[in-house]
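J.: First residue of the sequence shown? That's 3 in this note's numbering, and the numbers climb one at a time after it.
Quick one: structure below, then a few questions.
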Amino acid sequence: MNSEGNELFNFISRDVAASRHLWPLRCAVVAIVVLIPLLSNLFFGHNEALNWGSSLVPWSMVLFYLTLSISFSRYLGSAVHSTRFSFVSSIVVVLLFLFPQFAEGFLPSLGDANIGVEAIRCLAFGFVVGGLTAVSLAIAVFRYGPVPSASLRKAMSQLAGLAGAVGLFFKCPTSDYVHLLSGHGVQLLSVFLVTQFVSNFCFKKIVEGQLGRAASQFADIGKFDK
């Protein structure tokens, strides 16, 4: 077998070996996605007025977010049902902006003088939570799982952005839409775009590194990206 054949064989063997250890990876991914926003709220403060005792709102958010996390973990090593995943993601996004409007523990406004300052604080917190989630997911998926498809990388980016937004939901006590869009919405979109760009870059480098000269025979690296 020539060197290009060996490189291709080793590339496929790595994917096969990774596919045999998916259940531990799936459990780790769910733990990463759920624990990072939770622990961030425990260490850096949370909305103490949020009613967990008699309201279904916080529990509903946890349930939908957990469902999304488990759904993502099941797609490791297989094709992602992009429409289904995006639909559940959209539900979480809608609830993130809808729940604060009628749930106990959220204020209609923080005052005009504080809108800019609070937006920056929420952006910073969301970037930290979303960024930590994105980095942790990327290490877990790229290092210990099969090479992720384009749809899986997109789902991973969505989940990273939502991790920051969910963390903000349990931390920020305001329901003001200007603040939610500028502080929470911008964070969600930014983390999604950055994670998508970085994960696509990592994919390209992995394919080039694993396949070596065999990859150079293809004019478009996207031929591997199914």
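For glycine and all other residues, C-beta sits at the position ideal for the given N, C-alpha and C.
On a predicted model such as this, the values are computed, not experimentally measured, just so you know.
Once DSSP output is grouped into helix, strand and coil, what is the label at L52?
T.: DSSP places L52 in coil when its eight states are reduced to three.
J.: By DSSP's criteria, L109 is part of a beta bridge. Which residues make up the other side?
T.: Bridge partners of L109: T176.
J.: Do you know how far the Cα of V188 is from the Cα of V199?
T.: Strictly speaking, residue 199 in this sequence is Phe, with Val absent from that position. Straight-line Cα distance between these residues: approximately 17 Å.
J.: If V90 and S153 are in contact, beta carbons under 8 Å, what's the gap, nearest whole angstrom?
T.: Actually they do not touch by this definition, with Cβ atoms about 14 Å apart.
J.: Measuring alpha carbon to alpha carbon, tell me which of L97, L164 and R155 ends up nearest V193.
T.: Of the listed residues, the one whose Cα sits closest to V193 is L164.
J.: Apart from the five residues just before and just after S57, which ones in its own chain have a Cβ nearer than 7 Å to its Cβ?
T.: Within the same chain, S57 has close Cβ partners A105 and E106.
J.: Are there 16 or more other CB atoms within 10 angstroms of the CB of N43, so buried, or fewer, so exposed?
T.: N43 is buried by the Cβ-count criterion.
J.: Beta carbon of S311, beta carbon of F108: below 7 Å?
T.: Only positions 3 to 228 of the chain appear in the structure, and residue 311 is not among them; the question remains open.
J.: For Y77 and P148, I'd like the C-alpha separation in whole angstroms.
T.: Distance between the alpha carbons of Y77 and P148 is about 11 Å.
J.: So Y67 is in the alpha helix (DSSP H); what residue range does that whole segment cover?
T.: First-last of the alpha helix (DSSP H) with Y67: V59 to R76.
J.: Please report how far the alpha carbon of W54 lies from the alpha carbon of A121, in whole angstroms.
T.: Approximately 25 Å, taken between the alpha carbons.
J.: So, are the CB atoms of V130 and S71 less than 7 Å apart?
T.: Contact: no.
J.: Between which two residues does the alpha helix (DSSP H) holding S184 run?
T.: Taken as a continuous stretch (DSSP letters only), S184 belongs to no alpha helix (DSSP H), as it is neither H nor E.
J.: So the candidates are V137, Y146, R123 and K173; which of them puts its Cα closest to the Cα of S159?
T.: Considering only alpha carbons, the answer is V137.
J.: Per DSSP, what kind of secondary structure is S201 in: helix, strand or coil?
T.: Note: S201 maps to helix in three-state DSSP.
J.: Helix, strand or coil for S192 per DSSP?
T.: It is helical.
J.: Report yes if the C-beta of A121 is less than 6 Å from at least one heavy atom of the ligand SAH; otherwise report no.
T.: No copy of the ligand SAH appears in this structure; indeed no ligand is present at all.
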